[in-house]
Amino acid sequence: MLPERLTHRPLADADIPAVCGFPRTPEELYFLFPRAVWPLTPDQVRAALPQRRDPTVATLGGRVVGYGNFATFEEGRTASLGNLSVDPDLRRHGIAAYLVGVMIERAFVHHDLPELTLYCFNTNTPALLLYAKLGLVPMALETRVTPWGDSIGLLKLRMDRDTWRGRAVLAA
Ligand SMILES: CC(C)(COP(=O)(O)OP(=O)(O)OC[C@H]1O[C@@H](n2cnc3c(N)ncnc32)[C@H](O)[C@@H]1OP(=O)(O)O)[C@@H](O)C(=O)NCCC(=O)NCCS
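169 is the number that full-length UniProt numbering gives to position 169 of the sequence shown; each next residue is one higher, with no gaps.
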């Protein structure tokens with residue numbers, strides 16, 4: 001149980017150092033921001049922002065505890081969720097589930113998009129189980145090579161607006 005209620009707001013520049021503390025290892029950084037170089041620095045986060053949309057933080061009692069954005073965005077068509085990450089001290093408390101829910105609602109209600117996608121590496125079990133729980137469905141599989149030379153699978157997952165609305169009705 002979290003001691004306080006989760007909230008969310010747009011990323012502020014002052015939040016960026018906290019966000020840089022979310023990846024614990026070079027592998028986690030690769031999972032959430034494949035083009036970044038370990039360790040994650042505020043300059044790398046800032047440099048990516050012009051290509052990102054709706055950078056959003058989850059907060060708990062004023063502390064920044066999660067981050068996500070849209071890595072790609074096509075008006076009226078689709079968007080993909082990117083940079084999803086949670087403070088390592090507060091994982092398994094529902095922060096990512098909350099933040100993905102916020103971004104899904106932003107995509108489907110605020111932007112009126114018909115679908116949301118995201119990419120996830122096959123060895124990232126926590127994230128894959130998170131997305132499975134939220135109802136995202138794998139739709140494609142590509143091969144990549146990690147910076148340390150391993151072949152890895154990159155899954156594309158998808159949620160469509162009608163399915164999301166149906167799940168919301170069932171949960172109500
Ligand atoms: C993946 C990540 C965002 C999950 O954040 P989180 O706040 O701990 O996730 P939640 O607490 O919301 O978990 C929701 C569900 O996801 C699944 N899940 C999350 N982490 C898990 C883990 N370590 N092991 C197994 N299942 C896990 C579970 O089904 C969980 O529900 P439960 O706790 O009721 O069993 C976090 O581990 C992280 O920041 N990882 C590094 C960056 C990363 O990989 N980002 C994703 C890029 S695609």
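C-beta atoms are modelled at their ideal positions from N, C-alpha and C, and glycine is treated no differently.
- In the DSSP annotation of this structure, the continuous segment of the alpha helix (DSSP H) that includes P17 starts and ends at I16 to C20.
- Here R35 is exposed: its Cβ has fewer than 16 other Cβ atoms, across all protein chains shown, within 10 Å.
- Contact check for H8 against T56 passes: the beta carbons are separated by less than 7 Å.
- For a cut-off of 8 Å, the C-beta gap from L141 to L118 is around 14 Å, too long to register as a contact.
- DSSP, read as helix, strand or coil, puts G68 in strand.
- For A18, the shortest separation between its Cβ and any heavy atom of ligand 1 does not lie below 6 Å.
- Short of 7 Å from the beta carbon of V86, and not among the five residues preceding or following it, lie these beta carbons of its own chain, in chain order: F22, V65, G66, I95 and A96.
- Taking the CA atoms as reference points, R144 sits about 12 Å from T123.
- Boundaries of the beta strand (DSSP E) around G82: T78 to V86.
- Relative to the non-hydrogen atoms of ligand 1, the Cβ of R158 never comes closer than 6 Å to any of them.
- Distance from the CA of R5 to the CA of R46, rounded to the nearest whole angstrom, comes to 28 Å.
- Under the three-state reduction of DSSP, F121 is assigned to strand.
- In this structure, the C-beta of P147 stays at least 6 Å away from each heavy atom of ligand 1.
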